[in-house]
Amino acid sequence: MSFKKLGLSDSLLKAIDKKGYSKPSLIQEKAIPAILEKKDVLASAQTGTGKTAGFTLPLLQILSHGQKYRRRPIRALILTPTRELAAQIQDNVIAYSEFEDLRSMVIFGGVNANPQIRALKNGVDILVATPGRLLDLHNQKALSLKTVEILVLDEADRMLDMGFQRDLNKILSVLPIKRQNLLFSATFSKEIKKLANKILKNPVSVEATPENTTAEKVNQKIYRVDQKKKSELIIKLISEGNWKQVLVFTRTKHGANRLSKKMVASDITAAAIHGNKSQGARTKALKGFKDGSVRVLVATDIAARGLDIPLLPHVVNFELPNVSEDYVHRIGRTGRAGASGEAISLVSQEEMTYVKGIEKLIGEQLKSEIVDGFEPTMTASNNARTSANQKNSRKPKSKRNTRNYKRSSKR
Ligand code: AMP
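What follows is the structure, given as structure tokens:
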């Protein structure tokens, strides 16, 4: 399959060529023709599948070929949960629209709103936004959404997880009723289905697992260790293993700050990325991590969601998430693009119940090891668990679980 066969215009093909893409990804193959036919689309796709181009390319074509307006009212609205994701989408929109007569802009919170308000006055065809800032500026009458023809909800599941449901409802209430809707989500909870039912009309469903195989190549391991010894252990693993690009997840923002400071004190370049950081600090940390000047990025789940960081060799769970699905999302960040990767979890006694939940979800037992000098303080329940595991030879609990795991871990 070629991009040309999908019905994309020559100017878009030129932009795609410039990006160096030789053929469409699976999600692009399925979503682009449906969107070009102006259908509503419900897409199950995660970061890493090429979903951004999957909705951006046909959206640009529709707008380019549609009626021209002198004052450039907002005709396409792309909503996304995090600032980083918004900025990434905007980078894509800019690249793909290089040869189109279309103007785009991104707005998100955490930065001064005035330059955004001024820029909006000049008119934009495509607006990429996070819900909070969009509503803010809408309330200030800095923008109107009455002319939106295409609405994209990207990472809709995370938008709901982050508590944007009410903001979303308000935004939906000021959009024109007649419009094309595209909903992208990695997971499909009851809430997402409800949202999809509310928004989409006769949607075409498309589903894609990323082409980069990951799950099979991710080497997953847990190290049993006491909570208070975790910092020392992770520093040892990174230093002695000479790990170069490590994404570490902590449960809290303070935890991320603390750990990043300890790493720096041990001569490991590190930065923390979470919701309390200024936009400038987040962008700088991400840039440093991508260009290799920052060896370790310590992140909370929400901050890490959707970041386009390809080819991560190491992901470490400094603490396990209490939601098993988040574990799958986290480890999906390693072993991307066909490369192998390692996902390590540092697990204290208190977290053993999370391990059970995760193992149940993925239908697989996690290899457990203890590093010399970091033996956890043994308790009665510890022993019980060890002998229970030995009896329990691991087979996937069910086909369905395994399939879900593979699908959702490929990000
Ligand atoms: P996304 O899932 O949209 O975050 O995209 C993941 C990565 O895949 C980005 O770095 C894109 O630039 C890249 N990408 C998107 N489409 C293609 C394609 N057809 N061929 C190769 N790379 C692509």
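Residue numbering for the sequence shown follows the working numbering, beginning at 96 and increasing consecutively.
The C-beta atom is built at its ideal place from N, Cα and C for all residues, glycine as well.
In the DSSP assignment, LYS316 is bridged to ILE439 and LYS462. If you check the C-beta of SER326 against the ligand AMP, you find no heavy atom less than 7 Å away. For the pair VAL223 and SER199, the CB atoms are nearer than the 8 Å cut-off. Fully contained in the stretch 374-416 are the following alpha helix (DSSP H) runs of length 4 or more, in chain order: 374-386 and 396-399. Contact between PHE344 and ALA394 holds: their C-beta atoms lie close to 6 Å from each other, under 8 Å. Taking each of SER97, LEU415, THR147 and GLU459 in turn and checking the Cα distance to PHE279, the smallest one comes out for THR147.
Taking 8 Å as the cut-off, the Cβ atoms of LEU456 and VAL423 count as close.
When beta bridges are read from the DSSP output, ILE457 appears opposite no residue. Of the residues GLY149, LYS163 and ASP196, the one whose Cα lies closest to the Cα of ILE173 is GLY149. In this chain, the alpha helix (DSSP H) harbouring ILE333 covers 325-335.
No heavy atom of the ligand AMP is found nearer than 7 Å to the CB of PRO153. The stretch 179-196 and the stretch 207-219 do not touch, with fewer than 3 CB-CB distances between them shorter than 8 Å. Taking each of SER104, ILE130 and THR242 in turn and checking the Cα distance to ARG166, the smallest one comes out for THR242.
About 6 Å separates the CB atoms of GLU437 and THR429; that is less than 8 Å, so the two are in contact.
If you compare the alpha carbons of LEU402, PHE413, SER139 and ASN297 with that of PHE283, the shortest gap goes to SER139. The closest heavy atom of the ligand AMP lies less than 7 Å from the beta carbon of GLY143. DSSP, reduced to helix, strand and coil, places GLN183 within a helical segment of the structure shown. At least one heavy atom of the ligand AMP lies less than 7 Å from the C-beta of LYS146. The C-alpha of ILE329 lies about 19 Å from the C-alpha of GLY387.
LYS133 sits close to ILE157, with the two beta carbons spaced by under 8 Å. Ranking VAL442, ARG253, GLN460 and ASP467 by CA distance to the CA of GLU286 puts ARG253 first.
The C-beta of TYR164 has fewer than 16 other C-beta atoms within 10 Å across all chains shown, which makes the residue exposed. For the ligand AMP, a non-hydrogen atom lies closer than 7 Å to the CB of PRO119.
Residue state for MET96 is assigned as coil, using DSSP reduced to three classes.
The DSSP-derived three-state label of ALA224 is strand.
Each residue's CA atom was taken as its position, placing ARG353 and ASP362 some 15 Å apart.
Secondary structure note for SER268: its alpha helix (DSSP H) is the uninterrupted segment 260-268. In the pairwise beta carbon analysis, the stretch 201-208 is classified as touching the stretch 370-384: at least three pairs are separated by under 8 Å. Taken through DSSP and simplified to helix, strand or coil, ASN209 comes out as helix.
At the C-beta level, ILE184 and LEU230 stay beyond 8 Å of one another. Fully contained in the stretch 140-177 are the following alpha helix (DSSP H) runs of length 4 or more, in chain order: 146-160.
In the pairwise beta carbon analysis, the stretch 462-472 is classified as touching the stretch 318-334: at least three pairs are separated by under 8 Å. Residue environment for MET358: buried (at least 16 other C-beta atoms within 10 angstroms of its C-beta).
Scanning VAL411, THR144, LEU240 and ASP135 for the CA closest to the CA of ASP220 turns up LEU240. When the five nearest sequence neighbours on each side are left out, the beta carbons in the same chain lying within less than 6 Å of the beta carbon of LEU248 are those of LEU174 and LEU278, in order along the chain. According to the DSSP secondary-structure assignment, SER280 is paired through a beta bridge with SER139.
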